[in-house]
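Everything on this sheet refers to the single structure shown next.
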Amino acid sequence: MNPPIVLASTYHAGGDVGYGRYGNPTWEMLETAVGALEGGVATSFASGLAAVAAVVDLVPNGGIVVASPASYYGTLTLLTRLEATGRLRVRLVDLTDRDAGTEALQGADLCWVESPTNPLLRTVDLDDLAARTGVAGAMLAVDNTFATPILQRPLQSGADVVVHSATKYLSGHADLLLGVAVASDAVLVERLVAYRSTNGAVPGTVESWLALRGLRTLHVRVERAQSNATELVRRLGEHPAVAEVHYPGIGAMVSVVLHGDAAGADEVAASTELWVHATSLGGVESSLERRRKWPGENAEVPETLLRLSVGIEDVDDLWADLAAALDGAT
Ligand SMILES: *Cc1c(COP(=O)(O)O)cnc(C)c1O
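For the sequence shown, the numbering used here assigns the number 1262 to the last residue and increments by one with no breaks.
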């Protein structure tokens, strides 16, 4: 029933793989499963950001990357650093704005998109964006970490590459870091694997095994977390401390903007007992944080916005804890 954890840096000569940086049977089992879910060929990496870096490396020298200013902070930091060294050029544009997006795509090499966006949870029509990216002659990469392949399969919409921080929903238990990049085109897959080997961005074997174990319950976790989120969104909308609820209708990420100031929102985040006050997301345990406490967060995000990663606990327990924290703040 269970695949082996193959702990080997070196293999006997004469086989398919000679050395552990070039391949491992445990990685392959995870890659086969994620590839089947996304409808492409998966390559696993040491972390989500390592997978992001591998995809960005597909851009030719001096090439242009179009990305949303609401992209994952680590992705934006990487792009900014590569721009500073002259490796590539970056056009930051709100990809939920169709006209601005189409204009920015002229002459671009890669379009980087997340949908739903973090943390305002706006969505982008991926079929439409893939068509416009194709007309511009650029590649489309979708970070599908928030939606998961249970709810959204970007390769079917025409994306060229899908990236995951498998640290989040795919593994689902907040106990490892891992990344995956999935593509259908054989040349792209080969380049991603070559990047991993030459840059040493290899996943850990035990992490791959744990991720595969987590993946077995992905559909059940997503279903339960989404149904919890839907119910919490309804109750949050009626709470007097809440000014706005952002929820795209899919998934288990919810953002709430509170009345009052940042200190009040910090107090709410710090006073829950069941909800863990922490960054990151996608685990079985619910967590929350005030996003603007991070200096790098997009200035468009309200100071009192709390981002909630809804887990799979009992929804009444989750609500009782959250409501007590919100009542305290009002
Ligand atoms: C966490 C995250 C990443 C980075 O993944 P790591 O596994 O932390 O390196 C990239 N994109 C999104 C949307 C994330 O949430």
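No residue lacks a Cβ here, since even glycine has one placed at the ideal position from N, Cα and C. Bear in mind that the values here come from a model prediction, so they are computed numbers and not experimental data.
Just the C-alpha distance for residue i and residue j, rounded to the nearest angstrom, thanks.
{"i": "T1254", "j": "H1209", "result": "Looking at the sequence itself, residue 1254 is Leu, so the reference to Thr does not match. Each residue's Cα considered, the two are about 12 Å apart."}
{"i": "G921", "j": "G946", "result": "Because the chain here runs from 933 to 1262, residue 921 falls outside it and cannot be looked at."}
{"i": "L1249", "j": "V1188", "result": "This sequence places Asp at residue 1249; Leu is not what is there. Cα-Cα distance, rounded: 19 Å."}
{"i": "G1104", "j": "V1138", "result": "15 Å"}
{"i": "P935", "j": "L1052", "result": "39 Å"}
{"i": "V1114", "j": "E960", "result": "13 Å"}
{"i": "T1034", "j": "P957", "result": "42 Å"}
{"i": "A974", "j": "A1091", "result": "14 Å"}
{"i": "A1266", "j": "H944", "result": "Residue 1266 is absent from the model: the chain starts at 933 and stops at 1262."}
{"i": "D1031", "j": "N1160", "result": "35 Å"}
{"i": "H1178", "j": "Y1004", "result": "18 Å"}
{"i": "V991", "j": "V1022", "result": "11 Å"}
{"i": "V1045", "j": "V1094", "result": "10 Å"}
{"i": "L1258", "j": "M933", "result": "46 Å"}
{"i": "D1029", "j": "V949", "result": "47 Å"}
{"i": "L969", "j": "A1197", "result": "38 Å"}
{"i": "K1100", "j": "I937", "result": "21 Å"}
{"i": "K1225", "j": "P1048", "result": "21 Å"}
{"i": "R1223", "j": "A1202", "result": "13 Å"}
{"i": "Q1084", "j": "Y954", "result": "30 Å"}
{"i": "D1117", "j": "G971", "result": "11 Å"}
{"i": "V1119", "j": "L1087", "result": "16 Å"}
{"i": "V1216", "j": "T1077", "result": "15 Å"}
{"i": "L1058", "j": "T942", "result": "42 Å"}
{"i": "E1221", "j": "V1186", "result": "11 Å"}
{"i": "L981", "j": "G1111", "result": "7 Å"}
{"i": "T1149", "j": "G994", "result": "42 Å"}
{"i": "A1016", "j": "S1089", "result": "33 Å"}
{"i": "T906", "j": "A1252", "result": "Residue 906 is absent from the structure shown; the chain starts at 933 and stops at 1262."}
Reducing DSSP to helix, strand and coil, say where residue i ends up.
{"i": "Y1004", "result": "coil"}
{"i": "T975", "result": "strand"}
{"i": "L1011", "result": "helix"}
{"i": "W902", "result": "Missing from the structure shown is residue 902; the chain here goes from 933 to 1262 and no further."}
{"i": "E970", "result": "helix"}
{"i": "M933", "result": "coil"}
{"i": "E960", "result": "helix"}
{"i": "L1254", "result": "helix"}
{"i": "R1222", "result": "strand"}
{"i": "T942", "result": "strand"}
{"i": "A999", "result": "strand"}
{"i": "V1233", "result": "coil"}
{"i": "V1022", "result": "strand"}
Compute the minimum distance between the beta carbon of residue i and the heavy atoms of ligand 1, and state whether it is under 7 Å.
{"i": "D1075", "result": "yes"}
{"i": "Y1004", "result": "yes"}
{"i": "G1146", "result": "no"}
{"i": "E1046", "result": "yes"}
{"i": "L1213", "result": "yes"}
{"i": "S1097", "result": "yes"}
{"i": "V1186", "result": "no"}
{"i": "G1111", "result": "yes"}
{"i": "L1052", "result": "no"}
{"i": "V984", "result": "yes"}
{"i": "G947", "result": "no"}
{"i": "K1100", "result": "yes"}
{"i": "T1080", "result": "no"}
{"i": "S1129", "result": "no"}
{"i": "V1219", "result": "Here residue 1219 turns out to be Ser, not Val, going by the sequence shown. No, Cβ of S1219 sits at least 7 Å from all heavy atoms of ligand 1."}
{"i": "G980", "result": "yes"}
{"i": "T1055", "result": "no"}
{"i": "T1007", "result": "yes"}
Ignoring anything shorter than 3 residues, give me the beta strand (DSSP E) runs that lie fully in the region 1046-1108, in order along the chain. 1071-1075 and 1093-1097
As an exercise, report each continuous beta strand (DSSP E) stretch of at least 3 residues that is fully enclosed by the region 1093-1177, in chain order. 1093-1097 and 1111-1115
Under 8 Å: do the region 1038-1047 and the region 1069-1080 share three or more Cβ pairs, one atom per stretch? yes
Determine, using beta-carbon pairs with one atom in the region 969-988 and one in the region 1116-1126, whether at least three such pairs fall under 8 Å. yes
The region 1219-1239 in contact with the region 1180-1195 per 3-pair CB rule at 8 Å: Result yes; three or more Cβ-Cβ pairs closer than 8 Å.
Would the region 965-973 and the region 1012-1020 be scored as touching if the rule is three or more Cβ pairs under 8 Å? no
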